[in-house]
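Below is one structure, written out as structure tokens; comments come after it.
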Amino acid sequence: MARKRKIGNAVCYAILIIMSIIWLFPFVALVLQSFRGESGGMVNYLVPKQWSLANYQFLFSDSCKYVRWYTNTLIIALAVTVLQTMVIICVSYALSRMRFSGRKALMNIWLVLGMFPGFLTMICLYFLLKQMGLTEDGAVPGLILISVASSGMGYYVCKGYFDSMPRSLDEAAILDGATRAQILTKMIIPLSKPIIIYTALVAFMAPWCDYIFASYVAFGHENGYNVAVSMTRWVWTNDYQGYFTRFCAGGILVAIPVTILFMCLQKYYVEGVTGGATKG
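Note that this note's numbering numbers the sequence shown so that position 62 is 383, with each residue one more than the last.
The following block contains the structure:
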């Protein structure tokens, strides 16, 4: 019996190792190609024959607007992270701890609306943003507004986490004279660190990786691009052979913040997902 268990574990580990190698191979190739110094596009060898930092130097040179695009992406992601997390926490707390007329109807309506793909409203949203001057060169505040305005419908996981917390905490605080705002800020939020971090990470990832709506709102104006749109334009409108290694270098710089965040906050991310799925 012990021998069969060891053989089974060995097979499982072997399969997991093979899957990990397959999964990591594209990332390793991306890193290696970003340091390739030879001219030309995609090649049939993995390790560069000439190592160079020229691709990264190009990204920060005056002839490239990569810093501007990266800054746009960072501004959008950070603003959406802060504002969207605040909105989701407030909405989730209200739906979880308060009882008011139309509460269930509102939750059902949001649930149905959430089933429709967001890109169905792209044309309508674009014209609304255009009327307010939040397209093209003003795409950055426009993208922030759109992401935050619809964030209330993403309450599901956070509400489930709040539902798992005993209501006796609220009742005891109310007896002591605490207001709803004080209960939220001084009791619920300090006890909800995992779900708050999970909500913030999800809010950060959406605009950081957004391409479809970001390209639609920027509408060909370089000053309004984020990194995803600009790097795709490199491949589509410029010399693909010359920009391939620069594309790889840009992709590495985009992946660094996300990788650091998930490595540092992985524990809280998992706790937030599992905690928010227990009730609600």
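Beta carbons are placed, not taken as given, at the ideal position from N, Cα and C, and that holds for glycine.
Where residue i sits in the DSSP three-state scheme
i    : result
R326 : helix
R420 : coil
R357 : strand
I504 : helix
Residue i versus residue j: straight-line alpha-carbon distance, rounded
i    : j    : result
V460 : N393 : The question names Val, but residue 460 in the sequence shown is Ala. Each residue's Cα considered, the two are about 9 angstroms apart.
M474 : E492 : 27 angstroms
L395 : L496 : 44 angstroms
A398 : W557 : 25 angstroms
M436 : P515 : 26 angstroms
R424 : M443 : 28 angstroms
F348 : R501 : 47 angstroms
P511 : Q371 : 52 angstroms
F440 : A499 : 43 angstroms
L374 : G454 : 39 angstroms
L446 : V469 : 13 angstroms
T580 : L351 : 15 angstroms
L586 : R357 : 32 angstroms
P462 : S472 : 16 angstroms
M428 : S513 : 22 angstroms
K571 : I467 : Checking the sequence, you will find Gly at residue 571 rather than Lys. Taking the straight line joining both Cα atoms gives about 26 angstroms.
I509 : M419 : 14 angstroms
P487 : F421 : 19 angstroms
Y477 : W431 : 10 angstroms
A671 : M340 : The question about residue 671 has no answer, for the chain in this structure spans 322 to 601.
Burial state of residue i, where buried means 16 or more other Cβ atoms lie within 10 Å
i    : result
V332 : exposed
T506 : exposed
M584 : exposed
P438 : exposed
T406 : buried
I342 : exposed
W529 : buried
V433 : exposed
M552 : buried
Y532 : exposed
S536 : buried
Contact with chain B by residue i, beta-carbon distance below 8 angstroms
i    : result
L404 : Reference to chain B is not applicable here, since this structure consists of a single protein chain.
Close beta carbons around residue i, own chain, < 8 angstroms, minus the five adjacent residues each side
i    : result
L353 : L367, V368, P369
V388 : L380, F381
D458 : H542, N544, G545
E359 : P369, K370, Q371
F448 : none
V523 : G475
A527 : V401, S468
Own chain residues within Cβ distance below 7 angstroms of residue i, not counting five before or after
i    : result
C385 : F379
N330 : none
C479 : I409, I410, S413, I516, T520, G597
F568 : M552, W555, V556
I573 : L351, V352, S355
A539 : E457, A460, G545, Y546, V550
T566 : Q354, S355, R357, N376
W390 : Y546, N547, V548, S551
Beta-carbon proximity list for residue i, same chain, < 6 angstroms, skipping 5 on both sides
i    : result
I525 : For the sequence presented, residue 525 should be read as Phe rather than Ile. Excluding sequence neighbours, F525 sits near A398, T402.
I328 : none
A400 : I465
F346 : none
beta-carbon residue i near the ligand NAP non-hydrogen atom, thresh 7 angstroms
i    : result
I504 : You won't find the ligand NAP in this model; it holds no ligand whatsoever.
Notebook entry, point to check: In chain order, which alpha helix (DSSP H) runs of at least 4 residues are fully inside the stretch 540-593?
Noted result: Within the stretch 540-593, the runs of alpha helix (DSSP H) that reach at least 4 residues and sit entirely inside it are, in chain order, 548-558.
Check: In chain order, which continuous runs of the alpha helix (DSSP H) of length 4 or greater are located wholly inside the stretch 461-492?
Finding: As far as the stretch 461-492 is concerned, its whole alpha helix (DSSP H) runs of at least 4 residues are 477-484.
Margin query: Runs of 4 residues minimum, wholly inside the stretch 507-538: which ones carry the alpha helix (DSSP H) assignment?
Written below: DSSP runs (the alpha helix (DSSP H)) wholly in the stretch 507-538: 514-529.
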